[in-house]
Amino acid sequence: MRAITTREPGGPDVLSWEEVRDPEPGPGDVLVEVAATAVNRADLLQRQGHYPPPKGTSDVLGLECSGTVAAVGEDVRDWRVGDEVCALLAGGGYAERVVVPAAQVLPVPEGVDLVTAASLPEVACTVWSNVVMLAGLEAGGTFLVHGGAGGIGTHAIQVGKALGARVAVTAGSAERLRRCAELGADVLVNYREQDFVEVVGAADVVLDNMGAAYLGRNVDVLAPDGHLVVIGMQGGVKGELNIGKLLAKRGSVSGTGLRFRPVEGRNGKGRIVAEVREHVWPMIADGRVKPVVDRVLPIERAADGHRALEEGDVFGKVVLEV
């Protein structure tokens, strides 16, 4: 098969569409003929040599895909050859075929085409696992989303509104904030001009992609019993945490990720995928949550997709069609 390979760590130009060995499904696996994949910031980090894949998984980029089931391994009962699916991956999505544990496979949501479905697994699993399963966002609560114009942000806004929360977002321009408002955001903060603590007031759940740069102010903005969930490090990896403020608010700070979780178990990817199918897929089917795709590129132009994400020229997701 062909896949996007990385000759060496570096910029987007190191990506190349080359022939590689076909993957083979083992017991409990599904082989997917890939229709599309999507670009995530983790892909950029891996390309740069900063985010190696888990041991025993593909070193091909790509944390999600959509496509058609081409084969199933032993003990797989829920999927059959020919099923149209999308899947959460530990790697391997930038390719013509990929093997994925059956527990991480999802049906294509009702009303979504096969290519667009590639934009959903990573954002849906990230948002649901962190915002609901971990932080417990409830109707009437205030939910602050940093990076509201990104793939995770645009999905998080819609899920927060579907759950009945007041949603606040940060973004870097009036135009990007306007589009966030169209998705349902109630409170809009231009981080280049405004302090989100002053504008938002207090947030029950904060979903943060910045890490160190926002740590202190994220604690400041927490409501009593609030929960800060850090899922990215775009603003650095080391920050100072005021334990006194956190204790006074009975606050919680969690740092989480999806890629290195086991498939099985209470916090495993299989359980997250099952909850997404049960709770988020109906939101998509009835239109409360819609995929937000900025552009679809042929996979041979993966480098252009990486450049666009690095330059901040994306609202929602970049999809790569195979």
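Using the UniProt record's numbering, the first residue of the sequence shown is number 1, and each one after it goes up by one.
Don't be surprised by glycine CBs; every beta carbon is placed ideally from N, CA and C.
Since we're looking at a predicted model, the values are computed, not measured.
Arg47 counts as buried, since no fewer than 16 other beta carbons sit within 10 angstroms of its beta carbon.
DSSP, reduced to helix, strand and coil, places Gly150 within a strand of the structure shown.
Sequence-distant partners of Asp13 (beyond 5 residues in either direction) whose C-beta falls short of 7 Å from its own C-beta, in its chain, are Ala303. Here the alpha carbons of Gly270 and Glu74 stand approximately 18 Å from one another. Within the region 162-226, the alpha helix (DSSP H) runs of at least 4 residues that lie entirely inside it are, in chain order, 174-182, 196-200 and 215-221. Under a 10 Å Cβ-count criterion, Leu247 is classified as exposed, with fewer than 16 other Cβ atoms of the shown protein chains found around its own Cβ.
For Lys249, no alpha helix (DSSP H) segment is defined, and its DSSP state is neither H nor E. The way I'd put it, the region 289-297 doesn't touch the region 254-272; fewer than three beta-carbon pairs between them come closer than 8 Å.
The beta carbon of Gly239 sits closer than 6 Å to the beta carbons of Ala212 and Leu215 from its chain, once the five residues preceding and following it are set aside; these are given in chain order. In terms of CA proximity to Gly153, Ala181 leads the group Ala139, Gly136, Glu138 and Ala181.
CA-to-CA, the gap between Asp43 and Leu177 works out to about 26 Å. In this chain, the alpha helix (DSSP H) harbouring Pro121 covers Pro121 to Val127.
If you look at Ala302, you'll find it in the alpha helix (DSSP H) that goes Ala302 to Glu310.
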